[in-house]
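This report concerns only the one structure given below.
Number of protein chains: 2
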Amino acid sequence: MSQFDVLCIGNAIVDIIARCDEAFLVDNGIIKGAMNLIDAERAELLYSRMGPAIEASGGSAGNTAAGIASFGARAAYFGKVAKDHLGGVYAHDIRAQGVAFDSAPLDGGAPTARSMIFVTPDGERSMNTYLGASVELGPEDVEQDKVEAAKVTYFEGYLWDPPRAKEAIRLAAAQAHAAGREVAMTLSDPFCVDRYRGEFLELMRSGTVDIVFANESELKSLYETASFEAGLDAIRNDCRLAAVTRSEKGSIAVRGAETVEIAAAPVEAVVDTTGAGDLYAAGFLAGYTAGRGLADCGALGSLAAGLVIAQVGPRPRQNLRQEAEQAGLM
Amino acid sequence: MSQFDVLCIGNAIVDIIARCDEAFLVDNGIIKGAMNLIDAERAELLYSRMGPAIEASGGSAGNTAAGIASFGARAAYFGKVAKDHLGGVYAHDIRAQGVAFDSAPLDGGAPTARSMIFVTPDGERSMNTYLGASVELGPEDVEQDKVEAAKVTYFEGYLWDPPRAKEAIRLAAAQAHAAGREVAMTLSDPFCVDRYRGEFLELMRSGTVDIVFANESELKSLYETASFEAGLDAIRNDCRLAAVTRSEKGSIAVRGAETVEIAAAPVEAVVDTTGAGDLYAAGFLAGYTAGRGLADCGALGSLAAGLVIAQVGPRPRQNLRQEAEQAGLM
C-alpha cells in the first residue's frame with residue numbers, strides 16, 4: 053500500500069485577493085485571466101494600488117494538495133517558503149489540511165512568494181505573482197521516500213519559471229517511474245505554455261509525464277491551434293491520459309481511444325474563479341488514485357471546482373469528502 | 053463642514069479565520085460567541101490546533117470605519133499596529149478602503165494583534181484575541197485635529213481591556229464635546245460588559261458617551277437583567293440614543309420617548325457572523341451623520357450586517373453605497 057495518493061510539487065504562494073473593476077486591469081497593464089509574473093518593485097507598486105484584501109494560502113499545486121486531502125485522500129507537498137510570517141502561515145495551512153509538508157524553508161534571501169489576485173465583477177481572477185523564495189526550489193528538495201510512496205507525483209507547469217525547479221521535477225519523475233508510479237502535470241496557464249511549449253511537449257512525448265491537466269486555452273496554446281478538437285486529438289496521442297476543462301461547458305477526459313465528457317457542476321454565482329483548475333485536478337486525482345473510472349474522476353473534479361468558484365479564495369472551505377458523499381459521488 | 057463623518061477608535065487586529073465543529077470549542081475551553089482574551093503562548097497553541105485559515109484585517113471599530121467608508125462617508129481610525137508584516141497588511145487594508153489612518157506603529161515590542169476566529173457550522177464566531185501591540189494605544193495617539201473634525205467619535209468597549217486606551221478615550225471624548233461633536237460607543241461583548249459594567253454606566257450617565265450600540269446579550273449584561281424590555285427602558289434613560297441589535301429579530305433604536313423597530317435584512321445562509329455588530333454600527337452611523345432618521349439609520353445598519361454575515365470575514369466585499377442605492381436606501 054502506498055503511503056500517499058498524490059505528491060504535489062509547486063510554487064508555494066500566499067494569495068492576496070481583492071476585487072477591482074475592469075479598468076483597473078487595463079490601467080495597470082495586467083493581462084486578464086492570466087498569471088502575470090512581477091518583481092519585488094512592481095509587487096510593492098501594485099499593492100499600493102490594491103483595494104482591501106484578504107490573504108489565503110494558495111499556489112496551484114498547493115491548492116490541489118489541500119483539495120486532495122479534503123477529499124480524504126493522502127497528499128504530500130514540496131514547495132519553498134521563506135522563514136517569515138507568510139511562510140509560517142503557508143506551512144500552517146497546508147499541514148492543518150492534513151498534507152505532509154516538510155520542505156526546508158529558505159533562511160535569509162527572498163521572502164515567501166505572494167500573488168496579488170484581482171477579481172473582476174465577472175468572477176475572473178488575474179494573478180500578479182512575485183515568486184520570492186519559491187524560486188529556490190531545487191533537486192535537493194526532492195524527498196525520494198515521498199516520491200516513491202506516492203501513487204502519482206503531480207506538478208505545475210509554472211515550475212518552469214524558476215531556474216532549478218525543472219531539475220527537481222525531472223529527478224522526481226525518474227524516481228517515481230523507477231518505483232512504478234505515475235507522473236502528472238498541469239499546463240498551468242496559456243502564457244506559461246507559450247513560454248515552455250517545446251519543453252512541455254517533450255515531457256509528454258518522452259513519457260516523463262503520463263497524465264496532463266489543461267484548460268481549453270492552454271490546450272490551444274500548446275498546439276498553436278484555434279480548434280479545440282484538433283488540440284484534443286493531438287494531446288490524446290501525446291500522453292496516456294489528459295483531462296481538459298472548459299469552464300461552464302464541463303470537461304473532457306481522453307485516454308487512448310476512450311473519451312469521456314463530464315458536465316460542470318451547477319454554480320449559482322461565480323464569485324472568484326481562483327483555484328478552479330487546481331480543484332478540478334484535486335477531485336480528478338482523488339478519484340483516479342482510488343481506482344475510479346474517468347467519468348467518476350471528472351465528476352469529483354467538477355464538484356470541487358464548482359465549490360471553489362462560488363467563494364472567495366483558492367481552497368474550498370467545505371469538507372470535500374462530505375460534499376462528495378452528499379452528492380452521491382463517494 | 054466636518055472633514056470626517058466618523059472617527060473610530062479600537063484595537064487594531066488582524067483576523068485569522070477558520071471553521072471548526074462545536075466539539076473543538078468545548079475541547080479547547082473557548083466560550084462560544086464571545087471574545088476570549090488570550091496570551092501569546094495560548095495563541096501559539098490554538099494556532100497549532102487550528103484548521104486552514106484565511107487572514108483578513110478586522111478589529112471591531114476598524115470594521116466599522118471600513119464599513120462607513122464603503123458607504124461613501126468619511127472615516128478616520130486610531131489604532132495601534134506593530135511595524136511587522138501584519139501591521140503592514142492592516143494599514144494597507146484600512147487605507148485602501150479610504151479610511152484616514154495615521155497612528156504611529158509600535159517599533160519593537162509586541163507584534164500586531166491577531167484574533168483567531170473559529171466559525172462553527174451555525175455561522176457563529178468565537179474569537180480568541182491576542183492583543184499584542186494594540187495594548188500600547190494611549191492618549192499620545194489621540195490626534196486632536198481629527199477628533200475635532202469628526203461629527204461622531206466612536207469607540208469599542210473592548211478598549212477597556214488594554215491599560216491606557218481608556219485615557220485616550222476620555223481625552224478624545226472631552227475634545228469632541230468641546231468641539232460640539234458627539235461620542236458613541238459599542239458595548240462590544242457581554243463578558244466585556246461584565247468586566248467594566250460600572251465604568252460603562254458611568255460613561256453613559258456622565259454624558260461622556262452620547263450614543264450606545266449594543267446587542268441583546270450586552271444590554272442584558274449591562275443591567276444584569278433577563279428582560280430585554282427592562283434593559284431597553286434603562287438604556288433609554290442612560291444615554292441620548294441607543295441602538296440595540298437582536299440578530300434575526302432586527303434592531304430597536306431608542307431616543308428619549310422615540311422608539312423605532314427595524315427589521316433584519318433577509319439572509320439566505322448565515323456563513324460567518326463576524327463583523328455583524330460592527331457593520332450595523334457602520335450603516336447606522338453613515339445614516340446618522342448624513343442627518344437621516346432613526347428608521348433609515350437602522351435600515352442601513354441592517355443592510356450592511358446582512359451582507360457581512362453572508363460571507364467569510366469581517367468586512368463586506370461589496371461596495372455598500374452601491375448596495376444601499378440598489379436597495380433604495382440611499
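Going line by line, the protein sequences match chains A and B.
Using the numbering used here, the first residue of the first sequence is number 53, and each one after it goes up by one.
Using the numbering used here, the first residue of the second sequence is number 53, and each one after it goes up by one.
Virtual Cβ for every residue (Gly too), placed ideally from N, Cα, C.
Here the structure is a predicted model, which means the values were calculated and not measured.
Reference B/A75, options B/F170, B/L352, B/I65 and B/S54, closest by Cα: B/F170
Hey, which unbroken runs of the beta strand (DSSP E) at 3 residues or more fall wholly within the stretch 297-380 of chain B? 303-307 and 310-314
Leaving out five residues on either side along the sequence, give the residues of the same chain with a beta carbon under 6 Å from the beta carbon of B/A294. V264, I287 and V306
Whose C-beta lies closer than 6 Å to the C-beta of B/F130 among residues of the same chain, with five residues either side of it excluded? I61, S155 and D193
Whose C-beta lies closer than 6 Å to the C-beta of A/V322 among residues of the same chain, with five residues either side of it excluded? G175 and I361
B/R298 and B/A316 closer than 9 Å at C-beta: yes
Counting only beta-carbon separations shorter than 9 Å, does B/V141 have a partner in chain A? yes
Count the other CB atoms within 10 Å of the CB of A/V78; is the residue buried (16 or more) or exposed (fewer)? exposed
Member of B/P366, B/F336, B/V364 and B/A347 whose CA lies at the smallest distance from the CA of B/F33: No answer is possible for residue 33 of chain B: it lies beyond the span of chain B, which begins at 53 and ends at 382.
Could you tell me the alpha carbon to alpha carbon distance between B/S112 and B/A376, rounded to whole angstroms? 22 Å
Do you know how far the Cα of A/D91 is from the Cα of B/A165? 29 Å
Residues of chain A with CB under 7 Å from B/I90, in chain order? The premise fails here: B/I90 is roughly 17 Å from chain A at the closest Cβ pair, so nothing lies under 7 Å.
Pull up the CB-CB distance for B/N88 and B/S186, whole angstroms please, since I reckon it's below 8 Å. That pair is no contact at about 16 Å.
Is the beta carbon of B/V364 closer than 9 Å to that of A/V141? no
Residue(s) in a DSSP beta bridge with B/L293: B/I263
Use the C-beta contact count for B/R369: other C-beta atoms within 10 angstroms, 16 or more gives buried, fewer gives exposed. buried
When burial is assigned at 16 or more other CB atoms within 10 Å of the CB, is A/A278 buried or exposed? exposed
Please list, in chain order, the chain B residues whose beta carbon lies closer than 7 Å to that of A/Q378. The premise fails here: A/Q378 is roughly 14 Å from chain B at the closest Cβ pair, so nothing lies under 7 Å.
With distances taken Cα to Cα, identify the nearest neighbour of B/L239 among B/E270, B/V66 and B/M256. B/E270
Are the CB atoms of A/D324 and A/A86 within a distance shorter than 9 Å? no
Does A/D193 come out as helix, strand or coil in the three-state DSSP assignment? helix
Could you tell me which whole alpha helix (DSSP H) segments of length 4 or greater appear in the stretch 126-196 of chain A? 137-148
For the beta strand (DSSP E) that B/N88 lies in, which residues bound it at each end? M87 to L89
What residue does the alpha helix (DSSP H) around B/T116 start on, and which one ends it? S112 to S122
B/D246 - containing alpha helix (DSSP H), residue span: P242 to R257
Hey, how far is the Cα of A/A379 from the Cα of B/A128? 48 Å
CB contact below 9 Å: B/R373 versus chain A: no
Can you tell me whether B/R71 is helix, strand or coil according to DSSP? strand
C-alpha distance - B/I68 paired with B/A105, whole-angstrom precision: 6 Å
Mind listing which residues of the stretch 86-114 of chain B have their C-beta closer than 9 Å to chain D's C-betas, in chain order? Note that chain D does not occur in the displayed structure, where the protein chains are A and B.
Find the residues of chain B that neighbour A/V364, judging by a C-beta separation of less than 9 Å, and give them in chain order. I106, Q363, V364, G365 and R369
Exposed unless 16 or more other CB atoms sit within 10 angstroms - verdict on B/P173: exposed
DSSP three-state call for A/K84: helix, strand or coil? coil
Could you spell out where the beta strand (DSSP E) holding A/E234 opens and where it closes? E234 to T238
Local Cβ density within 10 Å of A/P366, reported as buried at 16 or more and exposed below that: buried
Using CA atoms only, rank isn't needed, just tell me which of A/F280, A/G259, A/M179 and A/H137 is closest to A/D159. A/H137
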